[in-house]
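Have a look at the structure below, then the notes.
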Amino acid sequence: MLIFATSDKGGTGRSVTSSNLLYRRALKGGDTAYLDFDFGSPTAPAIFEINDAVWGIKGGGLHSFLLGEVAEPRALDVWYESDRDALRGQPAGAGRLVLYPGDVGGGEFPSDDVIVERCTKLLMRMVEEYEFCLVDLSAGRSYAIDMVLAATADPKLAAVPCRWLVFHRWTRQHIIAAADLVFGDRGILDTGTVRGHDRERLSNAIRFVRTAVVDPNSAELAGLRAAQVAWLRDCNAALQRLAGRHRIGRTATLGSVPLDPVLQWREQLISDDDVALTQIANRATAEAFDGLAERLVDDAAWEGL
Amino acid sequence: MWIQPRQQLLEVWRAMARSAVPAGGWSWGGRHGRNSISDAEQLLCLLGPATEIPSFKLDQPDETADDVLDALAELGDSVEIPRLLVRRLTEYFSTYTDDSKTPVFSGGTYFAAASQVPPTAAQRALDVVDSFSVAIRLSLATIGFTRVFRTVVRRPDLVSEVDALESMASRRLSAAMVGLLRSFSVDVFDVGSPEGQALLETVNQQGLPTRQVVESLHRELRQVKAGVRDITLGSGQVTDIDNDNKLFQCGWSWGLVANAPKVDTTADVGEQRDGVAQSAPYLYFTVVALDCIRNLFSERTRLLGLLDEEQNRLSRSLQLRWDLTQSYWSKVGRFGSGRWPLEDLPWRTVDKVDSDYLSLLVTSIVVQDLTRGQPTESEVQRVGEVLAELAQRARITRRPLFNDPALALHSPGFRLALEGTEAAGGERLHWLVADFSPLLLKQTVLVAQLLRHIELRGQVVTLADRTWEHLRARRFTSGQYLHLWDQTPGAAADQDVQLPSWYYTERVVESLIAAAGLVGTAPLRSQALAGYATDLLAEADHLFDQELLSVSAEAGPAMSAALHGARSTLRRAHELMGNRPGTAAVLAAEVLRELDRLAAARQKATGPA
Ligand SMILES: Nc1ncnc2c1ncn2[C@@H]1O[C@H](COP(=O)(O)OP(=O)(O)O)[C@@H](O)[C@H]1O
Ligand SMILES: [Mg+2]
Chain G
1 MLIFATSDKG GTGRSVTSSN LLYRRALKGG DTAYLDFDFG SPTAPAIFEI
51 NDAVWGIKGG GLHSFLLGEV AEPRALDVWY ESDRDALRGQ PAGAGRLVLY
101 PGDVGGGEFP SDDVIVERCT KLLMRMVEEY EFCLVDLSAG RSYAIDMVLA
151 ATADPKLAAV PCRWLVFHRW TRQHIIAAAD LVFGDRGILD TGTVRGHDRE
201 RLSNAIRFVR TAVVDPNSAE LAGLRAAQVA WLRDCNAALQ RLAGRHRIGR
251 TATLGSVPLD PVLQWREQLI SDDDVALTQI ANRATAEAFD GLAERLVDDA
301 AWEGL
Chain Y
306 MWIQPRQQLL EVWRAMARSA VPAGGWSWGG RHGRNSISDA EQLLCLLGPA
356 TEIPSFKLDQ PDETADDVLD ALAELGDSVE IPRLLVRRLT EYFSTYTDDS
406 KTPVFSGGTY FAAASQVPPT AAQRALDVVD SFSVAIRLSL ATIGFTRVFR
456 TVVRRPDLVS EVDALESMAS RRLSAAMVGL LRSFSVDVFD VGSPEGQALL
506 ETVNQQGLPT RQVVESLHRE LRQVKAGVRD ITLGSGQVTD IDNDNKLFQC
556 GWSWGLVANA PKVDTTADVG EQRDGVAQSA PYLYFTVVAL DCIRNLFSER
606 TRLLGLLDEE QNRLSRSLQL RWDLTQSYWS KVGRFGSGRW PLEDLPWRTV
656 DKVDSDYLSL LVTSIVVQDL TRGQPTESEV QRVGEVLAEL AQRARITRRP
706 LFNDPALALH SPGFRLALEG TEAAGGERLH WLVADFSPLL LKQTVLVAQL
756 LRHIELRGQV VTLADRTWEH LRARRFTSGQ YLHLWDQTPG AAADQDVQLP
806 SWYYTERVVE SLIAAAGLVG TAPLRSQALA GYATDLLAEA DHLFDQELLS
856 VSAEAGPAMS AALHGARSTL RRAHELMGNR PGTAAVLAAE VLRELDRLAA
906 ARQKATGPA
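Residue numbers (the working numbering), protein chains in the order written: chain G, 1 to 305; chain Y, 306 to 914.
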């Protein structure tokens with residue numbers, strides 16, 4: 001299965017949430033790969049704590065591969081290369097977790113037919129080797145989106161299930177922007193249709209993920225005054241309606257991740273130890289990632305109405 | 306009010322979801338097994354609140370409230386729940402349609418045998434007014450649900466599923482309306498007959514001469530009689546009603562009336578079966594029918610356009626009967642200038658059956674009639690007092706005696722002999738109704754809503770609270786059916802009793818919906834409180850202006866913050882004056898105290914002026 005992660009704005013939590021989601025998937029078994037196509041600002045190595053690659057690797061990354069400079073993109077096995085103790089060593093029953101980083105200083109580049117062809121080949125190889133392959137695309141209407149839409153429209157990839165996740169924060173601006181990225185002018189659906197996708201089918205393969213959401217009913221807000229909670233609840237209800245109007249209401253949502261103190265300070269994976277042992281992260285956050293990982297593969301959640 | 310309708314309804318939903326889990330998401334049946342009424346009641350426990358209270362709606366997944374989803378989490382998420390409803394409703398409508406595509410309205414396992422002889426299959430298959438009535442409510446709720454739900458559905462297979470459901474519901478609705486038109490009865494009898502005498506005895510509370518009572522009864526019922534003459538469709542067409550020597554009563558029998566003419570209709574209702582029911586109104590079925598017919602011309606039904614053209618035509622015929630029956634019983638129940646017949650507990654029917662339950666039924670018709678007009682405060686109050694007395698007599702607000710016969714009203718309930726059932730072979734069957742408490746609660750809430758006087762309303766609300774306490778105590782307190790109804794005290798040892806009664810639970814849900822309606826209205830506005838608030842606010846305004854006069858602009862940030870706060874508070878108080886004088890008064894008082902703090906401090910500094 002191919003999973004494409006995108007968002008309209010940067011800093012929405014796309015990379016952190018996708019990484020955690022994939023990590024949870026790997027823990028449940030099944031080999032997984034993370035392809036960092038975010039050519040503007042690669043953060044995945046930092047999240048997986050592979051220190052040598054924190055700024056991207058020098059040559060041999062995904063950029064070099066797509067530009068035809070190398071025949072093979074570099075692969076970093078997180079269970080072996082991570083500098084974080086908790087991640088080292090493949091847990092029993094877990095699948096592989098492999099990161100394909102971008103290059104240092106590799107920026108955006110327009111795609112052409114040759115590059116699309118290389119991308120198609122890469123994706124075909126990935127699906128062969130891994131059960132889940134997540135592609136972290138950059139923010140906004142990017143060349144990367146256009147490239148993978150073109151690649152997945154290729155008949156060679158027609159039989160491969162593709163799912164799109166659009167990440168957005170839970171605010172007015174983010175809701176409107178996320179909806180626009182998908183449904184708006186030259187948005188994902190428009191671009192996809194131009195590239196030869198069936199609009200309805202593509203639309204059914206897209207779900208939204210709300211990140212860093214403050215739940216007005218949560219126990220964490222016990223410190224707030226009653227009036228503040230009352231206000232928050234009203235705001236939340238107004239946002240629900242706004243989202244519904246922009247067609248990214250509950251039906252189109254795969255899940256939401258609560259605001260987490262750890263993630264607010266640091267981009268990282270939330271392990272079960274962070275929740276149970278050291279208790280630095282909230283249980284609800286880990287559960288949210290786990291739920292996302294479950295629903296990602298649950299056909300009922302993608303059936304829609 | 307101590308009843309918290311929203312919380313309680315959510316608790317019922319949570320209980321339903323929990324009880325369905327071991328059975329894989331849904332299990333039909335319950336204490337009385339499956340039949341066309343019980344299954345519909347079970348569905349209405351979900352669909353009723355979902356269609357009648359906006360914050361409980363389930364038809365737009367994007368807007369389902371969080372606490373609602375939380376309560377139903379065991380049944381699925383916001384997308385799965387409406388789909389589950391579509392599947393279960395479809396299952397219901399096809400289960401109760403026979404091979405010839407005729408909707409089935411049989412009483413089935415709700416028929417009770419009078420003796421050891423079980424009802425025959427032909428008897429169980431008899432159509433019952435309870436089923437027509439619940440079909441009307443369920444079909445309307447279903448059609449309203451599908452209309453909205455379809456707008457969010459995109460998948461072609463789901464769209465056709467939803468469309469098919471809607472047309473099944475619509476067909477059942479038409480058939481139920483025709484059924485009700487053929488179960489209506491106008492029962493005419495001589496003044497001198499036992500029935501005539503019994504009716505006169507009931508209405509003659511002042512001990513007036515018979516001639517005089519008959520005359521004024523004719524006068525009171527003139528309009529009703531004129532209306533009865535207009536009946537041209539279905540059963541209840543009579544000729545001899547104008548005779549001065551005749552009296553009559555009207556309402557619904559228990560099922561299709563024997564020899565009821567077929568209704569000429571273009572609606573696809575399948576076969577119109579022959580009836581066997583006695584042509585005489587039964588108070589219980591009359592109330593049930595009145596209650597559902599009201600939904601046919603409710604605001605919701607009209608706004609959403611739930612009826613098609615032919616259904617609108619049938620609905621007008623039913624509305625005529627509804628009007629007549631409502632006025633008839635309301636006039637008879639409140640006949641005369643002194644004590645009302647209704648106040649003379651218990652009510653006695655013309656065939657000499659008396660029970661407090663019958664009094665409650667007549668009360669409920671009177672309450673409905675009062676909500677149509679503009680009743681005086683004292684009329685409503687008198688009805689409220691009847692309800693209070695009924696609650697005492699039924700041991701809801703009084704402790705029962707040892708072996709109290711009054712408890713039979715709750716369990717096993719009030720027994721109705723269904724005259725005519727023997728025509729289908731077997732012995733005459735019975736119908737057991739045990740919904741005294743939920744019916745009482747619903748009427749109490751409606752009466753409270755009619756009262757304008759704060760203290761009177763307070764008394765009636767207290768009665769509602771105490772009735773609710775009684776109902777709460779009858780929920781299951783443990784096991785798979787926790788928080789569903791009905792656990793009758795002392796009957797716990799019986800295995801069958803451990804299953805929930807959808808009949809009872811649905812009626813409780815209905816009364817909670819009524820209570821939600823009461824909570825939703827604006828608070829009563831007290832004249833005294835409004836006057837007090839006006840005066841308080843005037844003083845606060847004035848002192849505030851004075852303060853502004855005396856303080857120079859550069860009084861410093863603390864001072865200007867205090868004055869700014871006072872100004873905002875006053876503005877808010879003025880805004881609230883119209884609807885919430887109590888709140889406005891408290892806000893004005895807050896400002897007065899703040900201003901006085903400044904004045905007192907100043908006085909300290911300068912000494913008494
Ligand atoms: N659930 C969350 N709670 C708090 N902070 C979060 C959460 N998810 C992400 N963040 C933080 O938001 C910032 C942006 O996240 P990132 O994944 O880099 O965004 P993107 O990839 O969309 O640019 C990071 O600092 C990250 O730690
Ligand atoms: Mg990123």
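Beta carbons: idealized from backbone N, C-alpha and C, even for Gly.
Exercise for review: With 7 angstroms as the threshold, decide whether the Cβ of Y/Asp367 is near any Cβ in chain G.
Suggested key: yes
Practice item. Starting from G/Leu320, find everything on chain Y with Cβ-Cβ shorter than 7 angstroms and list it in chain order. Key: Since the first and last residues shown for chain G are 1 and 305, residue 320 of chain G lies out of range.
Practice item. Flag G/Gly291 as yes if its beta-carbon sits less than 7 angstroms from any beta-carbon of chain Y, otherwise no. Key: no
**Study point:** Spatial distance of Y/Gln748 from G/Asp273 (CA atoms)
**Key:** 58 angstroms
Practice item. Could you check what DSSP says for Y/Arg898 in three-state terms: helix, strand or coil? Key: helix
Practice item. Could you have a look at Y/Ser783 and say whether DSSP puts it in helix, strand or coil? Key: coil
Check your understanding: DSSP on Y/Ala798, reduced to helix/strand/coil?
Key -> Its pLDDT being 49, under 50, Y/Ala798 is placed unreliably in this model, and the value from its coordinates should be taken loosely. If DSSP states are grouped into helix, strand and coil, Y/Ala798 belongs with coil.
Review point. How do the segment 419-429 of chain Y and the segment 369-379 of chain Y stand: do at least 3 beta-carbon pairs fall below 8 angstroms, yes or no?
Key: no
Review point. Hey, would you say G/Gly337 sits closer than 7 angstroms to G/Gly61, going by beta carbons?
Key: The requested residue 337 of chain G does not occur in the structure, where chain G is confined to residues 1 to 305.
Point to revise | Opening and closing residue of the alpha helix (DSSP H) in which G/Thr6 lies | key: Taken as a continuous stretch (DSSP letters only), G/Thr6 belongs to no alpha helix (DSSP H), being part of the beta strand (DSSP E) at 2-7.
Check your understanding: Is it the case that the Cβ atoms of Y/Glu316 and Y/His788 are separated by a distance below 7 angstroms?
Key -> yes
Exercise for review: Please confirm whether any heavy atom of ligand 2 lies closer than 6 angstroms to the CB of Y/Thr400.
Suggested key: no
Practice item. Please go through the segment 698-763 of chain Y and give each complete beta strand (DSSP E) segment of 3 or more residues, from N-terminal end onward. Key: 719-723, 734-738
Exercise for review: Flag this pair as touching only if the segment 161-177 of chain G and the segment 209-217 of chain G have three or more C-beta atom pairs under 8 angstroms; answer yes or no.
Suggested key: yes
Check your understanding: Say the cut is 6 angstroms; is the CB of G/Val214 nearer than that to a heavy atom of ligand 1?
Key -> no
Practice item. Rounded to whole angstroms, what's the CA-CA distance from Y/Leu625 to Y/Ala778? Just pull it up for me. Key: 41 angstroms
Review point. So does the segment 131-149 of chain G actually touch the segment 3-20 of chain G, counting three or more Cβ pairs closer than 8 angstroms?
Key: yes
Point to revise | Within-7 angstroms CB hit, Y/Val917 to chain G | key: The shown model of chain Y, from 306 to 914, leaves out residue 917 of chain Y, and the question about it has no answer.
**Study point:** ligand 1 heavy atom lying under 6 angstroms from the CB of G/Gln264
**Key:** yes
**Study point:** Three-state secondary structure assigned by DSSP to Y/Arg777
**Key:** helix
Check your understanding: By DSSP, does Y/Phe553 sit in helix, in strand, or in coil?
Key -> strand
Review point. Can you check whether the CB of Y/Gln792 is closer than 7 angstroms to the CB of Y/Ser324?
Key: no
Check your understanding: How long is the line joining the alpha carbons of G/Tyr26 and G/Gln264, rounded to whole angstroms?
Key -> What sits at residue 26 of chain G in the sequence shown is Ala, not Tyr. Their Cα atoms are separated by approximately 24 angstroms.
Review point. Is Y/Leu470 closer than 7 angstroms to Y/Val391 when the C-beta atoms are compared?
Key: yes
Review point. Y/Ser383 CB to nearest chain G CB: under 7 angstroms?
Key: yes
Point to revise | Cβ pair G/Val54, G/Ala46 closer than 7 angstroms | key: yes
Exercise for review: Measure from the alpha carbon of Y/Asp382 to the alpha carbon of each residue in Y/Leu848, Y/Pro366, Y/Leu394, then state which is nearest.
Suggested key: Y/Pro366
Check your understanding: Hey, how far is the Cα of Y/Ala905 from the Cα of Y/Glu760?
Key -> 39 angstroms
Review point. For ligand 2, any of its heavy atoms closer than 6 angstroms to the Cβ of G/Asp38?
Key: yes
Practice item. Identify, in the order they occur along the chain, each residue of the same chain with its Cβ nearer than 6 angstroms to the Cβ of Y/Val738, setting aside the five sequence neighbours on each side. Key: Tyr589, Gly718, Phe719
**Study point:** G/Thr253 (DSSP reduced to helix, strand or coil)
**Key:** strand
Exercise for review: Could you say if the segment 541-549 of chain Y and the segment 476-496 of chain Y meet the contact criterion of at least three C-beta pairs nearer than 8 angstroms?
Suggested key: yes
Review point. When Cβ atoms are compared, which residues of the segment 449-464 of chain Y fall closer than 8 angstroms to chain G?
Key: Val457, Val458, Arg459, Arg460, Leu463
Point to revise | For G/Tyr34, three-class secondary structure by DSSP | key: strand
**Study point:** Residues near Y/Arg339 in its chain [Cβ-Cβ closer than 6 angstroms; skip 5 each side]
**Key:** Trp333
Check your understanding: Shorter than 7 angstroms from the beta carbon of G/Leu221 to some beta carbon of chain Y?
Key -> no
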